[in-house]
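Student: Protein chains in written order, with our numbering: chain L, 120 to 619; chain E, 120 to 619.
Don't be surprised by glycine CBs; every beta carbon is placed ideally from N, CA and C.
I have a structure here, written as structure tokens, and I will follow up with some questions on it.
2 protein chains.
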Amino acid sequence: MEEKLKRLKEILAEFYDLYAVGMLLDWDQQVNMPPGGVEGRGYQSATIASLAHKTFTAAEVGRLLDDLLPYADSLDPDADDACLIHVARREYEKKTRVPAQFVAEFSQITANAMQTWQEAREENNFAKFQPHLERIVDLRRQYAEFFAPYKHVYDPLLDDFEPGLKTSDVQEIFSGLRLEQVALLKEIASRPQIDDSFIFLEYDEQKQWDFGVEVITRFGYDWKRGRQDRSAHPFTTNFGANDVRITTRVHKDNLASAAFSSMHEAGHAMYEQGVDPALARTVLCSGASLALHESQSRLWENLVGRSLPFWERFYPRLQQQFPVQLGRIDLWTFYKGINKVEPSLVRVESDEATYNLHIMLRLELEIALMEGTLLVKDLPESWNARMQEYLGVTPPNDAKGVLQDIHWSGGMIGYFSTYALGNLVSVQLWEKILQDIPDVEVQIRAGEFAALLGWLREKLHRHGAKYEPQVLVQRITGSKIDPAPYLRYLRRKYRAIYGL
Amino acid sequence: MEEKLKRLKEILAEFYDLYAVGMLLDWDQQVNMPPGGVEGRGYQSATIASLAHKTFTAAEVGRLLDDLLPYADSLDPDADDACLIHVARREYEKKTRVPAQFVAEFSQITANAMQTWQEAREENNFAKFQPHLERIVDLRRQYAEFFAPYKHVYDPLLDDFEPGLKTSDVQEIFSGLRLEQVALLKEIASRPQIDDSFIFLEYDEQKQWDFGVEVITRFGYDWKRGRQDRSAHPFTTNFGANDVRITTRVHKDNLASAAFSSMHEAGHAMYEQGVDPALARTVLCSGASLALHESQSRLWENLVGRSLPFWERFYPRLQQQFPVQLGRIDLWTFYKGINKVEPSLVRVESDEATYNLHIMLRLELEIALMEGTLLVKDLPESWNARMQEYLGVTPPNDAKGVLQDIHWSGGMIGYFSTYALGNLVSVQLWEKILQDIPDVEVQIRAGEFAALLGWLREKLHRHGAKYEPQVLVQRITGSKIDPAPYLRYLRRKYRAIYGL
């Protein structure tokens, strides 16, 4: 058995190397690559992806996993090796069910679709994108069929992003949430609106960058195992736990953009930096799921970064950097400004009170598309109707509506709910943190984050992908993913800000 | 045959992708990677190198090449496919003669040796490095044996860097050169020395960077297919002809460093950017040899960049950027300063009149080591004796002598002569250019380089690695690699500068 386990680990390590190389190719493309490199990079990425797939799905891996399964079952279920064998087996079964030809076709079709989506959005022309999306919905249904029988056609899609989670789970989690959030939004809308115009003055870009660096350094982002660059869309990528890179964007006329992007990505990055070194070069060396990842980015961006204690510490620094713009803005005015609630058309610009509504709208439409109860051609109409119902706004055109996100063009139907789930988990964790570190807000006010990061490391980060997300949330908080803490948090926060 | 050729190209394209990925891993390590990434990057690079080796040396490749050889011989020998099959066959035979185990052992031993060399140099302790170098010399002899029978034990080593070139060729080329260069150096030493102290004042780093960018942009370096970064040691790397990246270094107290580094690396880069797109993703998609590569970097750095016509155009710009430092330095003084000849201990700091002597010294020692007529333990003594004989200086210690270069610790015995050969070829090309573009100096004085770059593209760059270096030099200049033009150039140049 030891021989076999050693051999399995060798193959998985080679797979991990190829996966990491693929991530580097992508990071380089977004951060450094000159435009001329596009075609060559496409070939390089495809070659690496194909070799990675071949490595993982080799018949030898299947045999090793079959042989090792009884051994894994004989171990402590929390043992690294037990988790490794179980997770690898799960992945192996998923990967081998999908024919390589399907993967290649899907990748080609989405590459075209993403190109067309970009044009369609620029031209505000949904009809141009429609046939591509129809094809993608079709292929996603075919994809689900590889995993038949299933309880819901959306289950296999969701499972790729949230292992073990079912469509019915998500629907149940979200069922109460939507009505409550819509009601809260109406209450807020009845109050006088906040003035946040000071955020949109002109702010020196280098100073913005430096402030973000100062903050995430205090958080505990480890620069010896990471770096920050600029890119059009902020993201985090990593090649093991010891090289975890983030990007941010800096807008001259939006003070909130760079700082909160850096905090958000540092949240993702500290998760990866915290994975137990013993899991290096295995399939367990990553966060547990997209929702848990988002719980970390949102915790640092919102629970910490948009909190009053945080700005009690950091606002004087910021005022010092920008005396002309902020000298006359007091802390409370600033705090209210960065927490202003305003139903907007665009998901990525939305605030904590409206974000989940954008997500739920998308999830419902995705499920309906997959079930066949909604046709792609009717999507814009459904989109706009729901926008009006949930957020009270109607997009003036499809570019600001149904065409705003890249996800569907890239074939990522099944992804969106993880954003909202991450918000919910972030507050479940926060309630637990408040119990375990009662003075956490005092520490934040003092610019001390070591106990907080230590708690997250111990409870969550170090486990990597050993456990399914629901199992992990239950282990840490005592309950599965639950919307109640998030609702409590929103009510408490906006009561103070909007005087509800 | 078409089927077989297509299949061969598919495999070679996959090999090229892996090769390109390996280059990116290395570029990223030198330019971007945080220190924590070292261990993981080592694994990633080893995995990619091993897959690349497996891909190229697969038995299928051997069979395809055997089958395709008669077909290649039936084609026009200048046809891309004919060259591709011949070059791939050559590479296949070389790669398959060396056992994978030997490659792995060699790579491990040189990794250790490089580490020890660095320490030995810092501690000025040759004895510490000696056993490592002995082992490397031993392994290089074993390596040569894989290619027995050979005419000279150094031949197989040289062939890896200069395909087709023999030790006796290099010895013949260098035989007259050394005496002539030593004699010239003595003449120069008898003349009053030039004052170049103005080069070593304080110069703003950003302005230095910008000036280098301005120059290489004029040269024709294509930024849409490249970029420039900073690194400890300037280098060029590429992933196809459409993503060719350079690095440079900027020293606050040395005006010559950044500008000439950028010109040098842009020379390498423009060679790669000029390879015929039809050769993309094949073994022909690169420069023909290290010497020909160096001919390009040296041509732009020295023949253009250290010429009077060039500075007639660019010196006023430079003075404008640095009025305090250069305002009172006239063009002729500046020109003489950047062309000062001074025998130095260190190869990388040496000038056009002394550089080749550093190289010849190393080549002679390498050949003697490989022949066994010189023992590693006697290397420092031989080094110092030759330094005195050729350059009239004796290193005060081994750190500034035999331990100065990284090459031997990395196992690269066989590499050095390419630097000097590049110098020779650069002037052979230049003499031809002066015939074909009689007003090239007028164009340079006008800041126009399009005709020059166009000539190099047409005669050299586009061919990639289709021809062996001697064949290519003969095709372009009418003779094989020849030291006479270089000697003529040196005499003419220094006659004016030193009033010989």
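Using a Cβ-Cβ cutoff of less than 6 Å, which residues in the same chain neighbour Pro588/L once the five nearest sequence positions on both sides are dropped?
Tutor: Glu281, Ala407, Ser408, Ala410 and Leu411
Student: Report buried or exposed for Phe134/E, applying the criterion of at least 16 other Cβ atoms within 10 angstroms of its Cβ.
Tutor: buried
Student: Taking a Cβ distance cut-off of 9 Å, strictly less, list which residues of the stretch 326-349 of chain E are near chain L, in chain order.
Tutor: Asp341, Trp342, Lys343, Arg344, Gly345, Arg346 and Asp348
Student: To the nearest angstrom, how far is the alpha carbon of Leu131/L from that of Leu403/L?
Tutor: 10 Å
Student: Give the straight-line distance between the Cα atoms of Lys125/E and Phe433/E, rounded to the nearest whole angstrom.
Tutor: 50 Å
Student: Please return the same chain residues whose Cβ sits closer than 7 Å to the Cβ of Arg240/L, not counting the five positions on each side in sequence.
Tutor: Ala518 and Leu522
Student: Below 8 Å on C-beta distance, what does Gln149/L contact in chain E?
Tutor: Under the 8 Å cutoff, chain E gives no residues; its nearest Cβ is about 13 Å from Gln149/L.
Student: Measure how close the beta-carbons of Arg346/L and Arg364/L come, nearest whole angstrom, since I'm counting them as under 8 Å.
Tutor: 5 Å
Student: To the nearest angstrom, report how far apart Thr452/L and Ala377/L are at their CA atoms.
Tutor: Between Thr452/L and Ala377/L, the C-alpha separation is close to 20 Å.
Student: Count the other CB atoms within 10 Å of the CB of Pro275/L; is the residue buried (16 or more) or exposed (fewer)?
Tutor: buried
Student: Roughly how many angstroms separate the alpha carbons of Pro435/L and Leu320/L, rounded to a whole number?
Tutor: 18 Å
Student: Which value, in whole angstroms, describes the spacing of the CA atoms of Tyr322/E and Gln439/E?
Tutor: 13 Å
Student: If we cut at 8 Å on Cβ distances, does Gln163/L have a partner in chain E?
Tutor: yes
Student: Skipping 5 residues on each side, what residues in its chain have a beta carbon closer than 8 Å to that of Ala263/E?
Tutor: Tyr269, Val272, Tyr273, Asp274, Pro275, Leu276 and Met489.
Student: So Asn542/L packs on Arg417/L, CB below 8 Å; how close in whole Å?
Tutor: 5 Å
Student: I'd like to know whether the C-beta atoms of Leu427/L and Trp549/L end up nearer to each other than 8 Å.
Tutor: The answer is no: Cβ separation not under 8 Å.
Student: Write down every uninterrupted run of the alpha helix (DSSP H) in the stretch 551-602 of chain E whose length is 4 residues or greater and which is fully enclosed by it, in chain order.
Tutor: 559-564, 569-578 and 588-596
Student: So, helix, strand or coil for Asp470/L, using DSSP?
Tutor: Coil at Asp470/L, not helix or strand.
Student: Quick one: what's His370/E bridged to in DSSP?
Tutor: Asn373/E, per the DSSP bridge assignment.
Student: Using only the alpha-carbon positions, how far apart do Met506/L and Phe441/L sit?
Tutor: If I take the Cα positions, the gap works out to 37 Å.
Student: Pick helix, strand or coil for Asn357/L, following the three-state DSSP scheme.
Tutor: strand
Student: Specify, as a first and last residue, the run of the alpha helix (DSSP H) that Asp348/E falls within.
Tutor: That residue, Asp348/E, is in no alpha helix (DSSP H); its beta strand (DSSP E) goes Gln347 to Arg349.
Student: Which residues does DSSP pair with Val363/L in a beta bridge?
Tutor: Asn357/L
Student: If you draw a straight line from the C-alpha of Ile204/L to the C-alpha of His251/E, how long is it?
Tutor: 42 Å
Student: Which residues of chain E have a Cβ atom closer than 8 Å to the Cβ of Ala584/L, listed in chain order?
Tutor: Simply none; closest approach about 17 Å.
Student: Counting only C-beta atoms, is Gly359/E closer than 8 Å to chain L at any point?
Tutor: yes
Student: Whole angstroms is fine: what's the gap from Leu303/L's alpha carbon to Leu606/L's?
Tutor: 9 Å
Student: Would you kindly report the start and end of the unbroken alpha helix (DSSP H) that includes Phe248/L?
Tutor: Phe245 to Glu264
Student: So what does DSSP say about Pro154/E, is it helix, strand or coil?
Tutor: helix
Student: Name the residue from Trp527/L, Asp470/L, Arg400/L and Ser463/L whose alpha carbon lies nearest to the alpha carbon of Thr513/L.
Tutor: Ranking the options by Cα distance to Thr513/L, first place goes to Ser463/L.
Student: So Lys599/E and Val592/E are in contact, right, with Cβ under 8 Å, and what is the actual spacing, rounded?
Tutor: 6 Å
Student: Taking Ala139/E as the query, report the chain L residues whose CB atoms sit under 8 Å from its CB, ordered along the chain.
Tutor: Under the 8 Å cutoff, chain L gives Gly159 and Gln163.
Student: Using a Cβ-Cβ cut-off of less than 9 Å, list which residues of the stretch 424-448 of chain E approach chain L; keep chain order.
Tutor: Cβ contacts with chain L come from no residue of the stretch 424-448 of chain E.
Student: Tell me which residues of the stretch 162-185 of chain L have at least one Cβ-Cβ distance to chain E shorter than 7 Å, keeping chain order.
Tutor: Tyr162, Gln163, Thr166, Ile167 and Leu170
Student: Is Arg400/L close to chain E, meaning its C-beta is less than 8 Å from at least one C-beta of that chain?
Tutor: yes
Student: Around the C-beta of Leu187/L, are 16 or more other C-beta atoms found within 10 angstroms, so that it is buried, or is it exposed?
Tutor: buried
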